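S.K.:
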Amino acid sequence: MFTISSRYDSSESPTSERLHHCIGYFNAYGYAAHNTTADIFIHLGEYIYEYVGNGTGVGRVTTVREMATIADYRRRLNQYRTDESLVCAHQHAPWVTDDREVADNSWKAGTANSNDTAAGCSFSPSGACFTDGKLAAVRAYHEWMPIRVVAADDLFRIW
1 MFTISSRYDS SESPTSERLH HCIGYFNAYG YAAHNTTADI FIHLGEYIYE YVGNGTGVGR
61 VTTVREMATI ADYRRRLNQY RTDESLVCAH QHAPWVTDDR EVADNSWKAG TANSNDTAAG
121 CSFSPSGACF TDGKLAAVRA YHEWMPIRVV AADDLFRIW
């Protein structure tokens with residue numbers, strides 16, 4: 001089996017805007033909302049980032065530690081929704097996301113930044129138990145994203 005290759009010009013357009021959407025300025029989302037007739041947006045990848053300091057470059061107040069509590073996740077989602085381009089995209093069409101945002105490279109029992117253990121609670125650099133942080137993140141996600149809860153007793157189920 002082989003893949004056919006193609007050409008792509010990635011040179012910068014003189015009118016292009018620089019953006020780093022993980023910390024703010026969701027220009028691409030606003031552009032898509034204003035320049036498409038799409039019925040849905042499919043979002044693949046991270047919707048929020050839990051890191052300390054995200055947003056300071058664009059004048060947003062940030063947490064002093066990595067997000068771990070429901071208040072942390074609510075605050076970050078609220079911050080993101082102050083961006084006009086992101087709000088415009090959410091008003092334009094429903095979003096289909098590939099996962100719920102919890103932490104960087106998270107898996108069932110930990111994250112890329114936690115000291116994962118086979119049994120018991122793994123702890124993140126903030127000192128929070130990953131299991132507690134994961135539940136907080138998913139609860140806040142359901143509060144901010146118009147997504148159907150599939151099973152009331154299992155907030156982690158998305159299918």
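Using UniProt numbering, the letters of the sequence shown correspond one by one to residues 1 to 159. Positions of the beta carbon are idealized from the N, C-alpha and C atoms, including for glycine. Predicted, not measured: the structure shown is a model, and the values here were computed from it.
Between the beta-carbon of Gly133 and the beta-carbon of Ala68, is there less than 8 Å?
M.R.: The residue labelled residue 133 in the question sits at position 133 within the sequence shown. The residue labelled residue 68 in the question sits at position 68 within the sequence shown. For Gly133 and Ala68, yes; Cβs fall inside 8 Å.
S.K.: For Arg157, count neighbouring Cβ atoms within 10 angstroms of its own Cβ and tell me buried if that reaches 16, exposed if not.
M.R.: As a position in the sequence shown, residue 157 is number 157, starting the count at 1. The residue is exposed, with fewer than 16 neighbouring Cβ atoms inside 10 Å.
S.K.: Indicate the three-state DSSP secondary structure (helix, strand or coil) for Asp154 in the structure shown.
M.R.: Position 154 of the sequence shown, counted from the first residue, corresponds to residue 154. In the structure shown, Asp154 sits in a strand (DSSP, three-state: E or B).
S.K.: Between Ile70 and Ala152, which are expected to be in contact by the criterion C-beta below 8 Å, what is the C-beta distance as a whole number of angstroms?
M.R.: If you number the sequence shown from 1, residue 70 lands on position 70. If you number the sequence shown from 1, residue 152 lands on position 152. Not really, about 18 Å apart at Cβ, beyond 8 Å.
S.K.: Determine the closest residue to Leu44 out of Thr97, Arg81 and Glu50, with distance taken between C-alpha atoms.
M.R.: Translated into the one-based positions of the sequence shown, residue 44 becomes position 44. Cα-wise, what sits closest to Leu44 is Thr97.
S.K.: For Asp39, which of Tyr29, His92, Val52 and Met145 has the nearest alpha-carbon?
M.R.: In the sequence shown, counting from the first residue as 1, residue 39 sits at position 39. Closest option to Asp39, Cα to Cα, is His92.
S.K.: Among Glu46, Met145 and Asp154, which residue has its Cα nearest to the Cα of Asp104?
M.R.: For the purposes of this step, residue 104 is taken as the residue at position 104 of the sequence shown. Here the closest residue by C-alpha is Glu46.
S.K.: Relative to the C-alpha of Cys129, which candidate in His142, Lys108 and Ala140 has its C-alpha closest?
M.R.: Here the question's residue 129 lines up with position 129 in the sequence shown. Cα-wise, what sits closest to Cys129 is Lys108.
S.K.: In whole angstroms, what is the alpha-carbon distance linking Glu50 and Glu66?
M.R.: Here residue 50 refers to the residue found at position 50 of the sequence shown. Here residue 66 refers to the residue found at position 66 of the sequence shown. The alpha-carbon atoms of Glu50 and Glu66 are separated by roughly 6 Å.
S.K.: For Arg148, count neighbouring Cβ atoms within 10 angstroms of its own Cβ and tell me buried if that reaches 16, exposed if not.
M.R.: Taking the sequence shown and counting its residues from 1, the one referred to as residue 148 is at position 148. By the neighbour-count rule (16 or more Cβ atoms within 10 Å), Arg148 is not buried but exposed.
S.K.: From the DSSP output, in three-state form, read off His21 for me.
M.R.: In the sequence shown, counting from the first residue as 1, residue 21 sits at position 21. Its pLDDT being 46, under 50, His21 is placed unreliably in this model, and the coordinates cannot settle the point.
S.K.: Around the C-beta of Arg81, are 16 or more other C-beta atoms found within 10 angstroms, so that it is buried, or is it exposed?
M.R.: As a working note, residue 81 is residue 81 in the sequence shown. Classification of Arg81: exposed, given that the 10 Å Cβ count is below 16.
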